[in-house]
Each structure stands twice: as C-alpha cells, then as structure tokens.
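Under my numbering, the sequence shown has 90 at position 89, and the numbering climbs by one with no breaks.
For glycine and all other residues, C-beta sits at the position ideal for the given N, C-alpha and C.
First up is the structure itself, then whatever we jot down about it.
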Amino acid sequence: MSNPSKNTGAEAAANDGKAKQAEGAGASMSARDKSRLQLNAAILQSSLNVSLSSQNDPLALVYKSAITGINEALQADFGDDAVQNAASQDNSAEATAQRIVSLSTGFFEAFKKQNPGMDNDAALEKFMGTITGGMEKGFGEARDILKGLNVLQGDIAGNIDKTYELVQKGYADFVAAHSSKKAEA
C-alpha cells in the first residue's frame with residue numbers, strides 16, 4: 002500500500018490511471034452508493050493520517066489493516082487503492098456542501114411515497130425538519146471530534162462554518178424549488 006503523502010510523480014500518474022479505471026468499473030453502483038463509499042473511504046484515510054501524525058502506532062496499524070482490507074474488497078469495483086483514490090476527492094466547502102445537500106434531499110420523493118396522505122408542503126416541511134435535524138447532529142459531532150483532536154481552529158473552523166452556511170442555503174433553495182407556496186415579491 003502506498004503512502005498518499007509520499008507519492009512520487011510515477012505513483013501519482015499510476016493512481017490517476019487507477020482512479021479512471023475505478024470510475025469505469027464502478028459504473029454499476031448508484032451515484033449515492035459511490036458517494037457514500039467515497040466519503041467513508043475518505044474518513045478512514047483521514048483517520049489514518051491523524052493516527053500516523055499523532056504517532057499512535059497501535060491504532061495506525063489497525064487503520065492500515067482496515068484500509069488494506071477495504072481496498073482488497075473494493076478492488077473489483079474500484080480498482081487498486083480505492084480508499085486513497087476516494088480520499089483525493091474535492092473536499093472544499095462548496096463540494097462538501099453540495100454532496101450533503103444532494104444526498105440528503107435526494108430522499109424527498111421516497112419520503113413522499115412513504116407518506117401518501119400528506120400534501121406536498123406538509124411532506125416538505127416534515128422532510129426538511131428530519132434532514133435538517135440529522136445535518137445539525139452531524140455537524141455538531143464533527144465539531145466535537147475536531148475539537149477533541151485540538152484542530153478546530155483557523156481555516157478548519159472557517160471551512161466548517163462556510164460548509165454549514167452553504168448547506169443551509171442549499172436546503173433553502175430546495176424548499177423554494179419544491180414548495181407550492183412561492184415567495185411573493
């Protein structure tokens with residue numbers, strides 16, 4: 002397994018080829034499944050990097066073993082080094098917020114089907130309350146974890162705040178687009 006922080010030019014080119022191969026091989030998976038898999042892989046890779054940087058050798062070994070096992074399990078669908086390839090995704094505030102909004106709001110149609118007696122606006126209000134609560138909980142837990150690692154400061158804190166604001170805007174835009182009560186000018 003290569004160390005992503007020590008890639009040579011040749012390894013970077015090889016990883017780029019593997020990422021393209023993985024994209025083609027994973028075509029049978031839904032976009033939501035791919036995104037969730039990439040997010041989970043990125044979390045594992047980030048955890049490994051934190052473990053290694055804190056010199057927590059026993060946990061680093063556990064993470065290395067887990068990542069190796071995950072890479073082996075995903076190899077058929079995503080090619081070699083699936084975790085490392087997923088960790089290289091765009092983690093900007095804008096891209097992260099877009100993924101959160103699109104994945105969470107993507108369940109609205111299924112929610113309406115499960116609640117056929119509700120009119121559209123009532124379903125929208127209940128659905129948004131549910132996903133907003135989940136998002137709030139997730140952001141709170143992420144802040145607590147980062148605070149516990151003593152890294153919730155500066156750019157990291159600013160990026161989390163920006164991501165949160167962009168998710169809120171994305172949710173507001175979703176409500177405006179799906180509500181039968183159009184804003185009156």
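- Residue 167 counts as buried, since at least 16 other C-beta atoms from the protein chains shown sit within 10 angstroms of its C-beta.
- Per DSSP, reduced to three states, the secondary structure at residue 112 is helical.
- Each of 123, 99 and 141 was checked against the Cα of residue 171, and the nearest Cα belongs to 99.
- For residue 125, the secondary structure class from DSSP, reduced to helix, strand or coil, is helix.
- The Cβ atoms of residue 81 and residue 72 sit closer than 9 angstroms to each other.
- For residue 182, there is no enclosing alpha helix (DSSP H), as DSSP marks it with neither H nor E.
- Here the alpha carbons of residue 120 and residue 182 stand approximately 12 angstroms from one another.
- Taken atom to atom, the span from the alpha-carbon of residue 147 to that of residue 153 is near 5 angstroms.
- For residue 99, the enclosing alpha helix (DSSP H) begins and ends at 94-106.
- Taking residue 180 as the centre and dropping the five residues before and after it, the same chain places the C-beta of 122 and 125 closer than 7 angstroms to its C-beta, in chain order.
- Here residue 38 is buried: its Cβ has 16 or more other Cβ atoms, across all protein chains shown, within 10 Å.
- Here residue 94 is near residue 163, since their CB atoms are less than 9 angstroms apart.
- Going by C-alpha positions, residue 105 is about 23 angstroms away from residue 86.
- Under the 10 Å beta carbon count, residue 97 is surrounded by 16 or more other beta carbons and is classified as buried.
- Shown here for residue 150: not one same chain residue has a beta carbon closer than 6 angstroms to its own, the five before and five after excluded.
- 79 is the residue among 68, 66, 70 and 79 whose C-alpha sits nearest the C-alpha of residue 34.
- The alpha-carbon separation between residue 136 and residue 66 amounts to approximately 31 angstroms.
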